[in-house]
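This report refers to the structure that appears directly beneath it.
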Amino acid sequence: MPVITFANTKGGAGKTTAVLLLATELAEQGYRVTILDADPQQWIARWHGLSSVDERLKVIPYVTADTVNRQISQNKSRADYFILDLPGSQSPLLPKAIGLSDHVLIPIQGCAMDALGGANVLELLRYLEEKANLQVPHSVVLTRVNSMVTTRALLAVKMLLAQRNVDVLNTPIIERSAFRDIFDIGGTLYTLDEGRVSNLDKARQNARCFALEMLRRVPLHDRSKAVPRSRLIA
Ligand SMILES: Nc1ncnc2c1ncn2[C@@H]1O[C@H](COP(=O)(O)OP(=O)(O)O)[C@@H](O)[C@H]1O
Ligand SMILES: [Mg+2]
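Using this note's numbering, read the sequence shown as starting at 244 and increasing by one per residue.
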């Protein structure tokens, strides 16, 4: 059961939103997903308390550097994927999380401050590779991207990442009200009301493309564990 960690030392980068999109989309695809909520704001745990969701999706609240190993080992038979949502600041959990991850995903908004928070994580990854010979696959997902215009700040961030040979997902996470609404209303993009939430179809398509790219980067070797939803419905 691969562990995917979302990290950016700056708050507001879109980590928690991206965690929820990936987790709910993987569950929709039939995978059993456990979210490890290490964000002191506990947004994911609060979201989970709002409504009942697919039983394939579990949330473990109050994850810390002291508890994370135990929480993973105690739950590994029940999860195809673990997704770890880190706090939006430097935290002792960050190096530990990197050490136990199969992939680190760094959400970056197209702005300089956010890119700096992302660069902190990239530097730590490079440091661990040089000093401890620890190579953890990682990539960047651009978040809260405007669907209409490409800002100069976003282009600058993209260029910086290309210069550093950082793997950037082709699918950016677009700024969509649906991605905020799921935190207020509960449930997933598939349980929101199409009549009430604008561009819900585009939001679903965006989340799906994002999840498919992540599945390609972090494939599940023992695919027999997951039952695709389409087969369950049929
Ligand atoms: N793609 C998005 N579309 C719309 N709102 C977003 C999106 N990503 C993040 N937000 C909003 O931005 C704020 C910060 O996002 P969040 O995911 O909590 O970031 P982080 O976990 O990095 O602090 C929240 O209010 C969230 O609803
Ligand atoms: Mg967060």
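We treat Cβ as the ideally placed atom computed from N, Cα and C, and that holds for glycine.
Residue i versus residue j - alpha carbon distance
i      : j      : result
Arg423 : Ala362 : 26 Å
Arg193 : Arg313 : Outside the shown range of the chain, which is 244 to 477, sits residue 193, and nothing can be said about it.
Ala194 : Ile417 : The chain is shown from 244 up to 477; residue 194 falls before or after that span and cannot be answered.
Asp436 : Arg460 : 31 Å
Asn251 : Ala450 : 20 Å
Leu293 : Thr277 : 17 Å
Ala454 : Glu373 : 30 Å
Asp328 : Ala266 : 11 Å
Pro462 : Glu271 : 16 Å
Asp323 : Leu368 : 25 Å
Met457 : Thr307 : 25 Å
Thr434 : Pro338 : 36 Å
Val302 : Ile326 : 9 Å
Lys468 : Leu269 : Low confidence applies here, because Lys468 scores a pLDDT of 49, under 50, leaving its location unreliable and the question unanswered by this model.
Lys253 : Thr310 : 23 Å
Ala288 : Phe426 : 10 Å
Leu412 : Thr248 : 15 Å
Counted within 10 angstroms of its Cβ, other Cβ atoms place residue i as buried (16 or more) or exposed
i      : result
Gly331 : buried
Ser502 : Any question about residue 502 goes unanswered here, given that the chain covers just 244 to 477.
Ala256 : buried
Leu475 : Caution is warranted here: a pLDDT of 44 is assigned to Leu475, below 50, making its placement in the model unreliable, and the coordinate value is therefore given only provisionally. Leu475 comes out exposed.
Asp280 : buried
Val205 : Here the chain comprises residues numbered 244 to 477, so residue 205 is not present and cannot be evaluated.
Ser295 : exposed
Ala405 : exposed
Gly342 : exposed
Glu366 : exposed
Ala421 : buried
Pro380 : exposed
Arg275 : buried
Residue i Cβ short of 7 Å to ligand 3 heavy atom set
i      : result
Lys401 : Ligands present in the displayed structure are limited to ligand 1 and ligand 2, and ligand 3 is not among them.
Nearest candidate by alpha-carbon position, reference residue i, set the options
i      : options                           : result
Asp357 : Asn449, Pro335 and Val388         : Val388
Ser441 : Arg419, Thr259 and Ala399         : Arg419
Arg299 : Asn318, Gly360 and Leu337         : Asn318
Pro245 : Gln284, Asp282, Asp345 and Gly254 : Asp345
Pro335 : Gly430, Val364 and Ile247         : Val364
Thr386 : Thr259, Ile247 and Thr248         : Thr259
Min CB distance residue i to chain B below 8 Å
i      : result
Gly255 : Among the protein chains of the structure shown there is no chain B, as only one such chain exists.
As an exercise, report each continuous beta strand (DSSP E) stretch of at least 3 residues that is fully enclosed by the region 333-359, in chain order. Within the region 333-359, the runs of beta strand (DSSP E) that reach at least 3 residues and sit entirely inside it are, in chain order, 346-352.
Fully enclosed by the region 256-286, which alpha helix (DSSP H) runs are 4 residues long or longer? Annotation note: the region 256-286 contains the following uninterrupted alpha helix (DSSP H) runs of length 4 or greater, listed N- to C-terminal: 258-271.
Inside the region 357-417 only - beta strand (DSSP E) runs reaching at least 3 residues: Counting only runs of 3+ residues, the beta strand (DSSP E) found wholly inside the region 357-417 occupies 381-386, in chain order.
Those runs of the alpha helix (DSSP H) which lie wholly inside the region 294-324 and span at least 4 residues: Taking only runs of at least 4 residues, the alpha helix (DSSP H) segments lying wholly in the region 294-324 are 311-318.
As a quick check of your reading: which residues have a C-beta less than 5 Å from at least one non-hydrogen atom of ligand 2, in chain order? A Cβ closer than 5 Å to some heavy atom of ligand 2 marks a residue here, and those residues are Lys258, Thr259 and Asp282.
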